[in-house]
Amino acid sequence: MTEPGFLDIISFGADGWGPALAAGAWMTILIAIAGFAIGGLIGTFGAWAKISGGPVVRGCAEAYTTVLRGIPDLLVIYLFYFGGSAVVTAIGQLYGAEGFVSFPGFIAGALAVGITSGAQQTEVYRGAFRAVHPGELEAATACGMGRFLKFRRITVPLTLRHALPGLGNVWQVVLKESALVSVTGVVELLRQAQIGAGSTSRPFDFFFIAAMIYLAISTVSGLILQVTERRFSRGVRRG
Amino acid sequence: MDIKFALETFWSLAAALPLTLQLATTSIALGSVLALGLALARLSGILALDLFARTYVFLFRGTPLLVQIFLIYYGLSQFPAVRHSIFWPLLREPYWCAVLALMLNTAAYASEIIRGGLLSVPHGQVEAARACGMGRLMIFRRIVMPQALRQALPGYGNEMISMVKATALASIITLMEITGVAAKLISESYRVIEVFVVAGVIYLAINFALTRLVAFAEHRLNPQLRPPLPISTELKGETH
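Just so you know, the sequences run in chain order A and B. With our numbering, the residue at position 34 of the first sequence is 37, and numbering never jumps. With our numbering, the residue at position 238 of the second sequence is 1430, and numbering never jumps.
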């Protein structure tokens, strides 16, 4: 058997790794989206807690963001992966299962990425909400809007407008962080590249391709974000 | 929580602390030099240098650090030329691969912070210095650099904290720093919470100390923001 060339590796042919790498890239995007969405949920609650919570709630939110910004993401991933496995194993033993039951890496990874990005998104939403003019919220109340209607029609669109640039940064961080989920064995882009590197003895080619795919994903999503940003700030006068 | 186990964990993790600190300081120190070079290349006005720095920053900020570590640690050995070069004794070591990857990565982020700092110095000050007859190097050393440093310090502090966190990735290429030891302890004992809490506290302590250090440096570098020292009462009492 001859050594495969660089193009053979990325090809979609019989011996090519193209389909596998594409599937890995798709998994990376899924993890990133799941993590970002969980982070968005946590971030919304965190920002709400910091803005209008009592001293205890605010203190909890403050502690959460401080801790999560101070410890490595890899440690959080280990916590969810091993911690999840410990819980699942304990539950399994209750129902008579024997030995170690491992927690699905995808869920552990998405949760871990979500919790770390939640801390960042809390700060983004909090800052963006402070940029919303209080008069606009008062006007909504004066129009007789209820809490949820006001939140949906006024607060969310106005906050998002200011939050989008910050959210774009968080998304890029999340995308790169999703590479760490490979330690749990989820076959995302980096793990797939590792598998390929291991079975062909061409590690540089595989990691190089992985790097290029990450670059492509982040560039394309960056462009999409730019368009969205422009759309959300249609009503703002420029220059 | 088992206090005795947590204490044991603390001592084994504390033994790994020097490696974490060493990785962080070495890569931050080497990275800052490279970052300054990149920032100056961006501002040099020479197209080739500018393009090189832009591409560098784009590549290193757009890809995950872990991929960069793998490219250096596993990837480079694919080429016989690298394996036979004089750098091989260094590139064979996971420690130096980790330092190299961390340094190249932080240089990309830090160069943008430094560039922002350099751009923040008002042009009038450079003109004034030139009018005083200072040479280019002296202007940089005495006028531009001190003010750029002051501006860039808060951003650089954040970058240093993310570098401390990034050293955790070195554990994936077999280096037993804090996270590496923590992962080993977890997989041996299955006591996730204790190990996580202890490791988390150590990282938080490092980053807290680092934040205080940066705040202190900021305080020292910004004397103009401090309230003036009170004039002593003895002087006030003097009359002519």
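No residue lacks a Cβ here, since even glycine has one placed at the ideal position from N, Cα and C.
Residue i to residue j span [Cα, whole Å]
i: F132 (chain A); j: M1352 (chain B); result: 28 Å
i: M4 (chain A); j: P206 (chain A); result: Only weak support is given to the placement of M4 (chain A): the predicted model assigns it a pLDDT of 43, under 50, and the value that follows is read from those uncertain coordinates. Cα-Cα distance, rounded: 18 Å.
i: K1196 (chain B); j: F83 (chain A); result: 23 Å
i: K179 (chain A); j: I80 (chain A); result: 14 Å
i: S1204 (chain B); j: A1391 (chain B); result: 10 Å
i: L1405 (chain B); j: I227 (chain A); result: 39 Å
i: S181 (chain A); j: T187 (chain A); result: 11 Å
i: Q96 (chain A); j: G102 (chain A); result: 8 Å
i: E1410 (chain B); j: A1273 (chain B); result: 46 Å
i: G62 (chain A); j: L1421 (chain B); result: 36 Å
i: A142 (chain A); j: I54 (chain A); result: 20 Å
Helix, strand or coil at residue i according to DSSP, with G and I counted as helix
i: P168 (chain A); result: helix
i: D1242 (chain B); result: helix
i: M4 (chain A); result: For M4 (chain A), the predicted model reports a pLDDT of 43, less than 50, meaning its position is unreliable; a value from the coordinates is still stated below. Coil, per DSSP.
i: T1445 (chain B); result: This structure does not reach residue 1445 (chain B), given that chain B is present from 1193 up to 1432, and the question cannot be answered.
i: Y98 (chain A); result: coil
i: V1336 (chain B); result: helix
i: I1423 (chain B); result: coil
i: W20 (chain A); result: coil
i: C63 (chain A); result: helix
i: N1399 (chain B); result: helix
i: C1289 (chain B); result: helix
i: M148 (chain A); result: coil
i: G108 (chain A); result: helix
i: G1327 (chain B); result: coil
i: V135 (chain A); result: coil
i: E1319 (chain B); result: helix
i: F15 (chain A); result: coil
i: F1279 (chain B); result: coil
Minimum Cβ-Cβ distance from residue i to chain D less than 9 Å
i: R129 (chain A); result: Structure shown: chain D not included; protein chains present are A and B.
Residue i: first and last residue of the uninterrupted alpha helix (DSSP H) it sits in
i: A1221 (chain B); result: L1209 to L1235
i: F210 (chain A); result: P206 to F235
i: P1272 (chain B); result: P1272 to R1275
i: E1200 (chain B); result: I1195 to A1206
i: I198 (chain A); result: L192 to T203
i: V1259 (chain B); result: L1257 to F1262
Legend entry - Near-chain A residues of the segment 1296 to 1321 of chain B (beta-carbon distance less than 9 Å), N- to C-terminal order: none
Inset, instruction - Note down, in chain order, all residues in the segment 187 to 200 of chain A with a beta-carbon under 9 Å from any beta-carbon belonging to chain B. - result: L192, L193, A196, Q197 and A200
Legend entry - At least 3 beta-carbon pairs within less than 8 Å: the segment 1226 to 1242 of chain B vs the segment 168 to 175 of chain A: no
Inset, instruction - Determine contact between the segment 1276 to 1291 of chain B and the segment 1261 to 1268 of chain B, defined as no fewer than three beta-carbon pairs at a distance below 8 Å. - result: yes
Inset, instruction - With 9 Å as the C-beta to C-beta threshold (strictly closer), list the residues of the segment 61 to 73 of chain A near chain B in chain order. - result: T69, V70, R72 and G73
Inset, instruction - Please determine if the segment 1329 to 1347 of chain B and the segment 1297 to 1312 of chain B are in contact, where contact requires at least 3 C-beta pairs separated by less than 8 Å. - result: yes
Inset, instruction - Taking 8 Å as the threshold, find out whether the segment 33 to 44 of chain A comes into contact with the segment 107 to 119 of chain A through three or more Cβ pairs. - result: yes
Inset, instruction - Determine contact between the segment 1364 to 1381 of chain B and the segment 1314 to 1330 of chain B, defined as no fewer than three beta-carbon pairs at a distance below 8 Å. - result: no
Inset, instruction - Using a Cβ-Cβ cut-off of less than 8 Å, give me the residues of the segment 1372 to 1395 of chain B that come near chain A, in sequence order. - result: A1374, A1375, I1378, S1379, Y1382, V1384, I1385, F1388, A1391, G1392 and Y1395
Inset, instruction - Give, in chain order, every residue of the segment 114 to 140 of chain A whose Cβ lies closer than 9 Å to some Cβ of chain B. - result: none
Legend entry - the segment 1347 to 1363 of chain B touching the segment 1253 to 1262 of chain B, judged by at least three CB pairs closer than 8 Å: yes
Inset, instruction - Could you please tell me which residues of the segment 1401 to 1423 of chain B, in chain order, have their CB closer than 8 Å to any CB of chain A? - result: none
Inset, instruction - Would you check if there are 3 or more beta carbon pairs closer than 8 Å linking the segment 1383 to 1400 of chain B to the segment 1322 to 1333 of chain B? - result: no
Legend entry - Contact list for the segment 1218 to 1247 of chain B against chain A, Cβ threshold 7 Å: none
Inset, instruction - Determine, using beta-carbon pairs with one atom in the segment 160 to 169 of chain A and one in the segment 229 to 239 of chain A, whether at least three such pairs fall under 8 Å. - result: yes
Inset, instruction - Give, in chain order, every residue of the segment 1331 to 1351 of chain B whose Cβ lies closer than 8 Å to some Cβ of chain A. - result: none
Legend entry - contact_flag[the segment 1246 to 1255 of chain B, the segment 214 to 226 of chain A] where n(CB pairs < 8 Å) is 3 or more: yes
Inset, instruction - Check whether the segment 60 to 76 of chain A touches the segment 142 to 151 of chain A, taking contact to mean three or more Cβ pairs, one atom from each stretch, closer than 8 Å. - result: no
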